[in-house]
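The working numbering applies: residue 22 is where the sequence shown begins, and numbers increase by one.
Glycine included, each C-beta is placed from N, C-alpha and C at the ideal position.
As the structure is a computational prediction, the values presented were derived from the model and not from experiment.
Below is one structure, written out as structure tokens, with a few remarks after it.
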Amino acid sequence: MASSPNTIPAASSADSAGASPGTAAAKLDLTAEIARDLIRFDTTNYGEGRSNGETDAAEYVAQKLRALGLVPELFDSEPGRTSVVARVQGRDTSRPALVVHGHLDVVPADPANWSVDPFAGVIKDGLLWGRGAVDMKNMDAMILASLQDVIGSGGAPERDLVIAFFADEEAGGVLGSHFLVNEHPHLFDGATEAISEVGGYSITLGGQRAYLLQTGEKALIWVKLVARGEAGHGSRMHPNNAITRLAEAVAKLGRHEWPIRLTDTTEQLLGEIARILDVDPQRVGPDELALATGTASGFIQASLRTTANPTGLTAGYKHNVIPDAAEALIDIRSLPGEEDLVLAQIQDIVGADIEIVTMHRDIGLETEFSGPLIDAVVSTLERHDPGAPVLPYLLSAGTDNKALSTLGIKGYGFAPLRLPAYLDFPAMFHGVDERVPLDALVFGRRVLTDLLSSY
Numbered sequence: 022m023a024s025s026p027n028t029i030p031a032a033s034s035a036d037s038a039g040a041s042p043g044t045a046a047a048k049l050d051l052t053a054e055i056a057r058d059l060i061r062f063d064t065t066n067y068g069e070g071r072s073n074g075e076t077d078a079a080e081y082v083a084q085k086l087r088a089l090g091l092v093p094e095l096f097d098s099e100p101g102r103t104s105v106v107a108r109v110q111g112r113d114t115s116r117p118a119l120v121v122h123g124h125l126d127v128v129p130a131d132p133a134n135w136s137v138d139p140f141a142g143v144i145k146d147g148l149l150w151g152r153g154a155v156d157m158k159n160m161d162a163m164i165l166a167s168l169q170d171v172i173g174s175g176g177a178p179e180r181d182l183v184i185a186f187f188a189d190e191e192a193g194g195v196l197g198s199h200f201l202v203n204e205h206p207h208l209f210d211g212a213t214e215a216i217s218e219v220g221g222y223s224i225t226l227g228g229q230r231a232y233l234l235q236t237g238e239k240a241l242i243w244v245k246l247v248a249r250g251e252a253g254h255g256s257r258m259h260p261n262n263a264i265t266r267l268a269e270a271v272a273k274l275g276r277h278e279w280p281i282r283l284t285d286t287t288e289q290l291l292g293e294i295a296r297i298l299d300v301d302p303q304r305v306g307p308d309e310l311a312l313a314t315g316t317a318s319g320f321i322q323a324s325l326r327t328t329a330n331p332t333g334l335t336a337g338y339k340h341n342v343i344p345d346a347a348e349a350l351i352d353i354r355s356l357p358g359e360e361d362l363v364l365a366q367i368q369d370i371v372g373a374d375i376e377i378v379t380m381h382r383d384i385g386l387e388t389e390f391s392g393p394l395i396d397a398v399v400s401t402l403e404r405h406d407p408g409a410p411v412l413p414y415l416l417s418a419g420t421d422n423k424a425l426s427t428l429g430i431k432g433y434g435f436a437p438l439r440l441p442a443y444l445d446f447p448a449m450f451h452g453v454d455e456r457v458p459l460d461a462l463v464f465g466r467r468v469l470t471d472l473l474s475s476y
């Protein structure tokens, strides 16, 4: 059920149910309060145009921005699909502007599989639980809390900031970032760089904490495999069965082992991992080095090669009817620039009789690990966690930086979180019981505030 604009949905006893002693009653940091509120807006994006919409969450964000004296603009690509943009004037307007962005939509969550209500914003065991806790209402909240710190008492960031909260990122950004870039590019005038999600979080290497800064992301190709055959009665001998043909193609593709192919970013990352662990990268293979990062390997291993995962199957309409077509959804993530090559390889794998329909496609990105912004991020993290190295990495997924790149804006993943070694952070993304430590949100707010004040 949608809430009224600017009204935070109630969560029946969510703050206290199952909470550790004193956790729910303790004063929450502003970042956790905002993230909790945003989780309570069910902004589920089912894909293919089906969504609960982002408008209520967008109105909430806009209200927070107005309270800081900003003038947010709200844009609807379609009814209910709302994005928010505001500009913050910096002390030195001669410098290029920095885009700081998040997205307001989330992927679906089945409450039957969760230990808590995924849309209640539960505080339990020192963590904030709920869909969007890491992807990415936590960063949305950090942005708003850091703006409060930077400009709430009359201060200003070093340079102009373009603050954006996009709709539809979880479906490729067609109705969010791509819509704004295509229809309202002036919003990003003067911006040359951007920061957003899935970077700046800590990992543990040989007992030492380090941080991953996302300097690239793989290309995105969502395809549908279509097998065709002859319809008929389910009792017949039927060699031309579309479901059988599709199942064989999906199994071949799903089990295909893609070779390791290192980019400049992944080669640099593996070299740094080897240096920290004091091993010879010529003797220790890429996968072994990736696995040495512990839970972070969930992202890093996938960045070393193409992945092509079956994510959906559709076929048939009655138990005793053999259908004449069957379809499968495949989520393909290729290395930047290899999209056409990978599609051709997939056609060879599944066979010429399987049709490949491209549903959505977007570019891969890779940016050098150098420059003033990189230096600022490294020095900022050093101030807040001395001695922890910062390493570049290639995100195996994608972000709204893809859309911004079409305007010449270089995008990075920097949503700073200092995480406990035991937390399987990659598994939180689109997973069950998504959660983030409260103290990680406090850390992220401090670091982001520092960066926005000084860069």
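Query                                                                                                                                                                     : Result
Unbroken beta strand (DSSP E) runs of length 3 or more, entirely within the segment 129–197: which are they?                                                              : 143–145, 148–150, 182–187
Which of the three DSSP states, helix, strand or coil, is assigned to Asp113?                                                                                             : coil
Once you ignore the five residues that flank Asp170 on each side, which residues in its own chain have a CB closer than 6 Å to its CB?                                    : Thr470
Taking Cβ positions, are Val457 and Asn66 nearer each other than 7 Å?                                                                                                     : no
Do the segment 337–354 and the segment 242–250 touch if we need at least three Cβ pairs shorter than 8 Å?                                                                 : yes
Less than 6 Å between C-beta atoms, sequence neighbours within five positions excluded: which residues of the same chain meet that for Ile264?                            : Ala336, Ala347
Three or more C-beta pairs under 8 Å: does that hold for the segment 110–120 against the segment 87–96?                                                                   : no
Using only alpha-carbon positions, find the residue among Asn203, Pro178, Glu218, Ala177 that is nearest to Phe20.                                                        : No answer is possible for residue 20: the residues shown for the chain start at 22 and end at 476.
Thinking C-alpha only, which one of Pro393, His451, Gly452 is nearest Tyr476?                                                                                             : Pro393
Within 10 Å of its beta-carbon, does Gln322 have 16 or more other beta-carbons around it, so buried, or fewer, so exposed?                                                : buried
Shortest alpha-carbon distance to Ile367 belongs to which of Asn203, Leu310, Lys273?                                                                                      : Lys273
Taking the continuous alpha helix (DSSP H) assigned at Gly292, which residues delimit it?                                                                                 : 285–298
Find the nearest neighbour of Leu182 within the set Glu190, Glu191, Ile172, Asp189, judged by alpha-carbon distance.                                                      : Ile172
Is Glu309 helix, strand or coil when you go by DSSP?                                                                                                                      : helix
From Phe320 to Ser417, what does the alpha carbon distance come to, in whole angstroms?                                                                                   : 6 Å
Looking at Ala231 and Pro410, is the spacing between their C-beta atoms short of 7 Å?                                                                                     : yes
For Arg108 and chain B, any beta-carbon pair shorter than 7 Å?                                                                                                            : Although the question refers to chain B, the structure presented lacks it and comprises just one protein chain.
Rounded to whole angstroms, what is the Cα-Cα separation between Leu310 and Thr327?                                                                                       : 18 Å
Count the other CB atoms within 10 Å of the CB of Arg266; is the residue buried (16 or more) or exposed (fewer)?                                                          : buried
Nearest CA to the CA of Tyr443: which residue from Phe96, Val371, Thr316, Trp243?                                                                                         : Thr316
Between which two residues does the beta strand (DSSP E) containing Arg282 stretch?                                                                                       : Run containing Arg282: none; DSSP gives neither H nor E here.
Taking the beta strand (DSSP E) that Asp352 belongs to, which residues open and close that run?                                                                           : 346–355
What is the DSSP secondary structure of Val398, counted as helix, strand or coil?                                                                                         : helix
Excluding five sequence neighbours on each side, which residues of the same chain lie with their C-beta closer than 6 Å to the C-beta of Gly333?                          : Leu350
Taking Cβ positions, are Phe446 and Val398 nearer each other than 7 Å?                                                                                                    : no
Whose CA, out of Ile377, Gly419, Glu269, Asn341, lies closest to the CA of Ser324?                                                                                        : Gly419
Out of Arg466, Ser98, Thr76, point me to the one whose CA is closest to Glu204's CA.                                                                                      : Ser98
Rounded to the nearest angstrom, what separates Ile377 and Pro331 at their Cα positions?                                                                                  : 13 Å
Can you list, in chain order, the residues of its chain with a C-beta nearer than 6 Å to that of Trp279? Leave out the 5 residues immediately preceding and following it. : Arg326, Thr327
Can you look up Ala443 in the DSSP assignment and give me helix, strand or coil?                                                                                          : For the sequence presented, residue 443 should be read as Tyr rather than Ala. Here Tyr443 sits in coil by DSSP.
Just to confirm, are Thr388 and Thr236 a CB contact at a threshold of 7 Å?                                                                                                : yes
Flag this pair as touching only if the segment 123–132 and the segment 147–156 have three or more C-beta atom pairs under 8 Å; answer yes or no.                          : yes
State yes or no: is the C-beta of Ala212 within less than 7 Å of the C-beta of Val120?                                                                                    : yes
Would you list the one or two residues that DSSP bridges to Pro331?                                                                                                       : Ile351
Which class does Leu374 belong to by DSSP, given the choice of helix, strand or coil?                                                                                     : The question names Leu, yet the displayed sequence has Asp at residue 374. The answer is coil: DSSP assigns Asp374 none of H, G, I, E or B.
Decide if Ala46 is buried, meaning its Cβ has at least 16 other Cβ atoms within 10 Å, or exposed.                                                                         : For Ala46, the predicted model reports a pLDDT of 49, less than 50, meaning its position is unreliable and no value from the coordinates is stated.
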